[in-house]
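Colleague: Here you go, one structure.
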Amino acid sequence: MSVVATPKVRRRGWLLAACLVWVGVLLLVPLVGIVITALEPGIHVVTQTLRAPDVIHALELTAVITAISVVVTALFGVVVAWVLVRQRFWGRSLLNATVDLPFALSPVTVGLAALVLFGPGGWLASFFESRGIQIIFALPSMTLVTIFICVPFTIREIVPVLEEIGLDEEDASRTLGASVWQTFFRVTLPNIRWALAYGVALTTARAIGEIGAVLIVSGLLQGKTETATLFIFRAYEERQVPAAYVVALLLAAVSVTLLVVIEFLRHRQERERSRT
Amino acid sequence: MSTPIVVEGLTKRFGSFEAVTDVTFTAPAGAITALLGPSGSGKSTVLRMIAGLEEPSAGRIVMDDEELTVKSVQERRVGFVFQHYALFRHMTVAENVGFGLRVRKQDKTVREARVRELLELVHMEPFADRYPEQLSGGQRQRVALARALAPAPRVLLLDEPFGALDAKVRQDLRRWLDELHRELGVTSLLVTHDQEEALELANQIVVMHEGRVEQVGSPGEIYDRPATPFVAGFVGAANVLHGEVVGGHIHLGSIRIPGAAQLPWGETLIAHVPNDDLVGVVEGDTIHVDLRNPKAFLVGSETSTERADVSART
Amino acid sequence: MGSVAQTLGGRSGLWSSQRTTAVLRHLALRGAAVVYLGLLVALPVLAVITKGFGDGLGTFRDAMATPAAWAAIRLTLWTSTVAAGLNAVMGTLLAWVLVRYRFPGRRLLSTLIDLPLAIPTLVTGVMILALYGPNSVFGRFLDDLGIRILFTPIAIVIALCTVTLPLVVRNVQPVLQELDPAEEEAAATLGAGPQATFRRVVFPAIRSAVVAGTLLTFSRCLGEIGSVILVAGNIPKKTLTAPVFIFQLTSQFKPAQAAAVATLLFGLSFVLVLVTSRLIARNEASA
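Protein chains in written order, with numbering that gives the first Met the number 0: chain A, 0 to 275; chain B, 0 to 313; chain C, 0 to 286.
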C-alpha cells in the first residue's frame, strides 16, 4: 500500500516527530549518553568502582532500607486498603486523604520533618536518646522517611481492586465454612496479588531512588549512612566523576529492569481486571 | 436429615431505617420455600441474616432445634447461592467446588471424590479444569450450586439465583433445579422477585413487602386467596377494578357479580382481578370485558380490606 | 460495618463471643491503619508546620526576610510553571499519539515514558550532566555555539520536564481511550477542520484530565530535588531552588527557617493536590 501525502498523513508525521524528539531529548539520548560516559574509561573502572568498600556498603544500605520499606508498606498497605474499602467509620475520608499526603510533600520536607521530630532538641529526641537509640543520622530515620514517601503506592493500587471485586466472593467463602483468615489468604489475597505486586515494584523503584529526604536525615556520614544515591551525590561533589557515573548506570539498569517487571505486572493486572 | 428453618420476629435496622420488621415464618423441612417480593422488600436481607452474613437487630433463627442467631457464618453450615454467582475467579471449577471441603481440612481423596460426584450432579464434569471466566452464566450458576452443596449443608439458601440470566436459560435452570431438589430433598429457601418462578418452584411462598410479611401460604392459596391488596396486585399481575355494591351485586363497570348480600348498599370497592380471569367478549363492534371464572378474588373496600366471597357465576 | 458500632453501643440485645471477636478484629485493623498513617504521615507533617510557625510568625517572617529565600521560591515557582506548561502540551500530544496512532515502536515509546517513574531522580540528574557536560560531544557542540545549559535555569527546566514526563500522559491517556472517534468523524463531516475538531470536540472531553495532570506535575516540580541538585549549580539568588535551599538550611542547622520555607512550599502544593483530586472526582462523576 503506498502512502499518499494527504494533509492528514502529513499532520500525523509532524505530531509523531514532535513526540519522538521530546522523548528522545529528555530520555533516550541521556540514557544512551550515560551508558557511553560510564563505560568510556574502560571496564576496569567499572570493576574497581564496584569493588570499593564505600560502594559496596552504600549498595548494601540501599538494599536494606528498600527491603524494610517494601515489607512495611506492603503489610500495612493491605491493612489500610482493606479498612478504607470494607469499613465505614467516622474519620474515614480524613484517613483516605492522609494516604495521599506523601504525594503532595517534597522529599526535603519529609526529611526536615524527621529532623524536627528526632533531631537535636526534637520532639521525640530525648525519649530515644535516654534509651541509647540513635534515630537521626542513622538507619532508623532513613528507613522511616523512605517508608513515608512510599506509603501511597501499594494502597492506591489495592483500593480500586478491592472495590471492584466487592464482597460476594468473601461472603461465599464464609458460607462455605472458611474462617476469616482462610477467607483472606485463599480468596482476598489471590484477588489482589497483581495489584500488590505492582505496588511493591513501584515502592522498590521509589525506595532505591530516594534522595531528598535521606540527604537530610542521613547526616552524610561516609561509609556509615551513605546510600547508593548519596554515594553518587558525594562522588560527584568530590570530583570522583567516573565512580559516580558507574553507580548511576548500575541504578539506572536496576530501574529499567524494574520497569520491565512493572509493565509485565500491569498487563497481568489489566487482564485480570477485564475478567468478569 | 433435613431440617426446617424457623424464623421468629426477625428485625434489621440500618441506622434509623428499618429494612426488615418482625418477620416470622417456618420453612418446612425438605421443601422449597420462596421469599417473594419486589426489590427493596427486605427479602434478601432476611436470607443474609439466616446465613449469618448480616446480623439481626432482633429475633431468632432456629434450625435442628439449635439457636443459630449468635453463631458465626462458618458454624451455620448453610449453602448459599449468590445472584452473581460469586465464583472464585482465580480457581478452577473443581477448586471452586472443593473449596468448602478444603477449608474444613477434608482428606484429599474424599474431597476429589465428592467434587466429581457434584460435578456429575450438575452436569459440569467436562468443565472441571476451566476457570469461571470461560463459562456461560448458566454454567456458572450450576457450578455455584455444586459448590454450595459440596460441604453437605443443612439448608440451601438461594438469593435470586436466576436473576442475572436471560429468559431461556432461566426457564431451563428452573426446571433443572426442581428436579435436583426432588432428588436431594434439602430444605431450600429461594429469594425471588419473579412470581412465576415462585409459583412454579416453591411448595410454600412467603410474600414480603416493605420489610414485612404480607402472607404465608401454598402457591395455590397465594394465587387464589391473596390476603392483602398488595399480594393480589403483586402475584398474577392483577387488574384493579373500581366498583360499587348495588343490591347484593357488585358492579365493576359493566360486569355484575352476584353474591355480595352481606355488603352494605352503595359501598365502594376495589377488586384485584388476575389477567387470566379477564376475557374480552365481542358483541357487534364493541368489546365487553367479562370474568372468566370469578369464583374468588380479592375485594376490598377503599377504607378497609375485608374479603368478600363471591359465588361462581355460570 | 455500621452494625459493628451499633452492637458496640449495646443497642442490640444479641451478643456472642464470636461477635465480640469480630468486632475486636475490625477495631484492631482499623486501629492499625490509623496508627500507621497517623504516626508515620500525619505527625511529621504537623511537626514541620508547627516548627515553621514555632514562635508565632516571628521565625516565618525572619526566614522570609532573607532575599535568598524569596529568590529561591520565585525560581522554583517559575521553573515549575514552565516545566508544567511544556509537559501539559507535550504530554497531551504524547497521549494522543499513543492512543490514536499505530506505528512501529509504539510499545517502546509507551514504556520509555514510564521510565521516570522507575529511574532515581538523582540518576536523571547525572544523565543530564553526562549529556550536556563539557566532556560530551553534545556538550562541546553547544559550548561552541555559545549555549550554556548546565548550571542555568534551563537545566532545571529540563530536569523537571524529564522527571514529570509520565504524569500528564498517564492522566490523559485513559480519557482519550474512552473517547469515541465517531464524535471526531462527525465533526469532520460537519465541516470542522482538524483544529476546530480538536478545540471543540476533543479538548473539552479531556480538559479536566489535562488540568489534573498539569497540576500534579506542577506540584511534583515544586518539591523536586534529586534531579535538580547536581545540574542547577545551586548559585544563591540565581539557580538555587527552594528544595535545595531547604536542604542547605538544614545542613546549616537552621531547621526553623527551613521549616518556614517548607511550610510555604507545602501549603502551595497541598492546595494544588486538593484542587486536583476535586477535579478528578468531578471528572469521574460526570463520566
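A virtual CB, placed ideally from N, CA and C, is assigned to each residue, including glycine.
If you pair each beta-carbon of the segment 29-37 of chain A with each one of the segment 126-143 of chain C, do three or more pairs fall below 8 Å?
Modeller: These segments touch.
Colleague: Per DSSP, what kind of secondary structure is V245 of chain B in: helix, strand or coil?
Modeller: Position 246 of the second sequence holds residue 245 of chain B. In this structure, V245 of chain B counts as strand in the three-state DSSP scheme.
Colleague: Please go through the same chain and pick out, in chain order, the residues whose beta-carbon is closer than 6 Å to the beta-carbon of R206 of chain C, but skip the five residues on each side of it.
Modeller: Translated into positions along the third sequence, residue 206 of chain C becomes position 207. The answer is none, since no qualifying residue turns up.
Colleague: Are the CB atoms of G58 of chain B and T2 of chain B nearer to each other than 7 Å?
Modeller: Numbered from 1 along the second sequence, position 59 holds the residue referred to as residue 58 of chain B. Numbered from 1 along the second sequence, position 3 holds the residue referred to as residue 2 of chain B. For G58 of chain B and T2 of chain B, no; Cβs fall outside 7 Å.
Colleague: Does the distance from the C-beta atom of F152 of chain A to that of G198 of chain A stay below 7 Å?
Modeller: Locating residue 152 of chain A in the first sequence gives position 153, counting from the first residue. Locating residue 198 of chain A in the first sequence gives position 199, counting from the first residue. Yes, the pair counts as a contact, with Cβ atoms nearer than the cut-off.
Colleague: Taking Cβ-Cβ distances shorter than 7 Å, what residues in chain A pair up with R29 of chain C?
Modeller: Stepping through the third sequence from its first residue, residue 29 of chain C is reached at position 30. Simply V82, Q86, F88.
Colleague: Scan the segment 101-124 of chain C for residues whose Cβ lies nearer than 7 Å to a Cβ of chain A and list them as they occur along the chain.
Modeller: Answer set for the segment 101-124 of chain C: F102, L108, T110, L111, I112, D113, L114, L116, A117, I118, P119, T120, L121, V122.
Colleague: Report, in whole angstroms, the separation of the C-beta atoms of E262 of chain A and T110 of chain C, which I expect to be a contact under 8 Å.
Modeller: Numbered from 1 along the first sequence, position 263 holds the residue referred to as residue 262 of chain A. Numbered from 1 along the third sequence, position 111 holds the residue referred to as residue 110 of chain C. E262 of chain A to T110 of chain C, Cβ: 6 Å. Contact.
Colleague: If you count every other CB in all the chains shown that lies within 10 Å of the CB of A103 of chain A, and 16 or more means buried, which is it?
Modeller: In the first sequence, residue 103 of chain A corresponds to position 104, counting from 1. Answer is buried; the Cβ neighbour count reaches 16.
Colleague: For Q214 of chain B, which three-state DSSP category applies?
Modeller: Looking up residue 214 of chain B in the second sequence gives position 215. Strand, per DSSP.
Colleague: Measuring from the CB of M63 of chain C, is there a heavy atom of the ligand PLP at a distance below 6 Å?
Modeller: For the structure depicted, the ligand PLP is absent and the ligand set is empty, with no information on it obtainable.
Colleague: Within the 7 Å Cβ cut-off, does V327 of chain B reach chain A?
Modeller: Past the edges of chain B, shown from 0 to 313, lies residue 327 of chain B, and the structure says nothing about it.
Colleague: Using a Cβ-Cβ cut-off of less than 7 Å, list which residues of the segment 147-167 of chain A approach chain C; keep chain order.
Modeller: Answer in chain order: F147, V150.
Colleague: Might you give, ordered along the chain, the residues of its own chain that have their beta carbon closer than 7 Å to the beta carbon of T20 of chain B, omitting 5 neighbours on each side?
Modeller: The sequence position of residue 20 of chain B within the second sequence is 21, counting from 1. Cβ neighbours of T20 of chain B beyond the five flanking positions: T10, G210, R211.
Colleague: In the DSSP output, which residue or residues are listed as bridge partners for I4 of chain B?
Modeller: Residue numbering aside, residue 4 of chain B sits at position 5 when the second sequence is read from its first letter. Partner(s): B:A26, B:M62.
Colleague: State the CB to CB distance for the pair F136 of chain A and F127 of chain A, rounded to an integer number of angstroms; the pair is presumed to be in contact (CB under 8 Å).
Modeller: Mapped onto the first sequence, residue 136 of chain A falls at position 137. Mapped onto the first sequence, residue 127 of chain A falls at position 128. 12 Å between Cβ atoms; not a contact.
Colleague: To the nearest angstrom, how far is the alpha carbon of L221 of chain C from that of T213 of chain C?
Modeller: Here residue 221 of chain C refers to the residue found at position 222 of the third sequence. Here residue 213 of chain C refers to the residue found at position 214 of the third sequence. In a straight line, the C-alpha of L221 of chain C is about 12 Å away from that of T213 of chain C.
Colleague: For W122 of chain A, return the contacting residues in chain C, with the cut-off set at a CB-CB distance below 7 Å.
Modeller: For this step, residue 122 of chain A is matched to residue 123 along the first sequence. What W122 of chain A touches in chain C: A46.
Colleague: If you reduce the DSSP assignment to three classes, tell me which class T20 of chain B lands in.
Modeller: If you number the second sequence from 1, residue 20 of chain B lands on position 21. Here T20 of chain B sits in strand by DSSP.
Colleague: Looking at the unbroken beta strand (DSSP E) that takes in S217 of chain A, where does it start and where does it end?
Modeller: Walking along the first sequence from the start, residue 217 of chain A turns up at place 218. Here S217 of chain A belongs to no beta strand (DSSP E), and DSSP marks it neither H nor E.
Colleague: Report the residue from C:L263, C:D113, C:V210 whose alpha carbon sits nearest the alpha carbon of V259 of chain A.
Modeller: Residue 259 of chain A sits at position 260 when you count from the first residue of the first sequence. Of the candidates C:L263, C:D113, C:V210, the one whose C-alpha sits nearest the C-alpha of V259 of chain A is C:D113.
Colleague: Output needed in chain order: residues of the segment 159-180 of chain C with a Cβ under 7 Å from some Cβ in chain A.
Modeller: Here the close residues are C160, T161, L164.
Colleague: Return the CA-CA distance between A87 of chain C and L263 of chain C, expressed in angstroms with no decimal places.
Modeller: As a working mapping, residue 87 of chain C is identified with position 88 in the third sequence. As a working mapping, residue 263 of chain C is identified with position 264 in the third sequence. Each residue's Cα considered, the two are about 24 Å apart.
Colleague: Can you name the residues of chain A whose CB is closer than 9 Å to the CB of I155 of chain C?
Modeller: Against the third sequence, residue 155 of chain C aligns to sequence position 156. What I155 of chain C touches in chain A: nothing, since even the nearest Cβ is about 14 Å away.
Colleague: Starting from T202 of chain A, find everything on chain C with Cβ-Cβ shorter than 9 Å and list it in chain order.
Modeller: Numbered from 1 along the first sequence, position 203 holds the residue referred to as residue 202 of chain A. In chain order: nothing, as chain C lies at least about 11 Å away.
Colleague: Return yes when the Cβ of V80 of chain B is within less than 7 Å of the Cβ of L120 of chain B, no when it is not.
Modeller: As a position in the second sequence, residue 120 of chain B is number 121, starting the count at 1. As a position in the second sequence, residue 80 of chain B is number 81, starting the count at 1. No, the pair does not count as a contact, with Cβ atoms beyond the cut-off.
Colleague: Can you name, in chain order, every residue of its own chain whose Cβ lies under 7 Å from the Cβ of V150 of chain A, other than the five neighbours on each side?
Modeller: Along the first sequence, one-based indexing puts residue 150 of chain A at 151. These residues qualify, in order along the chain: T72, V98, P101.
Colleague: For G165 of chain A, does the count of other Cβ atoms within 10 angstroms reach 16, so buried, or fall short, so exposed?
Modeller: The residue labelled residue 165 of chain A in the question sits at position 166 within the first sequence. Label assigned to G165 of chain A: exposed.
Colleague: Report buried or exposed for E209 of chain A, applying the criterion of at least 16 other Cβ atoms within 10 angstroms of its Cβ.
Modeller: Along the first sequence, one-based indexing puts residue 209 of chain A at 210. Buried.
Colleague: Where does V115 of chain A land, buried or exposed, given buried means 16+ other C-beta within 10 angstroms?
Modeller: Locating residue 115 of chain A in the first sequence gives position 116, counting from the first residue. Buried, because 16 or more other Cβ atoms sit within 10 Å of the Cβ of V115 of chain A.
Colleague: Just the Cα atoms here: how many angstroms apart are G9 of chain C and T19 of chain C?
Modeller: Looking up residue 9 of chain C in the third sequence gives position 10. Looking up residue 19 of chain C in the third sequence gives position 20. Summary for G9 of chain C: the model assigns pLDDT 39, below 50, so the residue's position carries little reliability; its value from the coordinates is reported in the next sentence. Computed Cα separation, rounded: 12 Å.
Colleague: With 16 other CB atoms within 10 Å as the buried threshold, where does Y35 of chain C fall?
Modeller: Within the third sequence, numbered from 1, the residue matching residue 35 of chain C stands at position 36. It counts as buried.
Colleague: Let me see if you follow: with CB-CB separation under 7 Å, is G99 of chain B close to chain A or not?
Modeller: The sequence position of residue 99 of chain B within the second sequence is 100, counting from 1. It does; some Cβ of chain A falls within 7 Å.
Colleague: Start and end of the beta strand (DSSP E) containing F79 of chain B?
Modeller: Your numbering for residue 79 of chain B matches position 80 in the second sequence. Segment 77-80, the beta strand (DSSP E) holding F79 of chain B.
Colleague: Roughly how many whole angstroms lie between the Cα atoms of W95 of chain C and P29 of chain A?
Modeller: Along the third sequence, one-based indexing puts residue 95 of chain C at 96. Along the first sequence, one-based indexing puts residue 29 of chain A at 30. Roughly 24 Å between the two C-alpha positions.
Colleague: Run the CB neighbour count on E243 of chain B, radius 10 Å, all protein chains shown included, and call it buried at 16 or more, exposed below.
Modeller: By one-based count along the second sequence, residue 243 of chain B stands at place 244. Looking at its Cβ environment, which holds fewer than 16 other Cβ atoms inside 10 Å, E243 of chain B is exposed.
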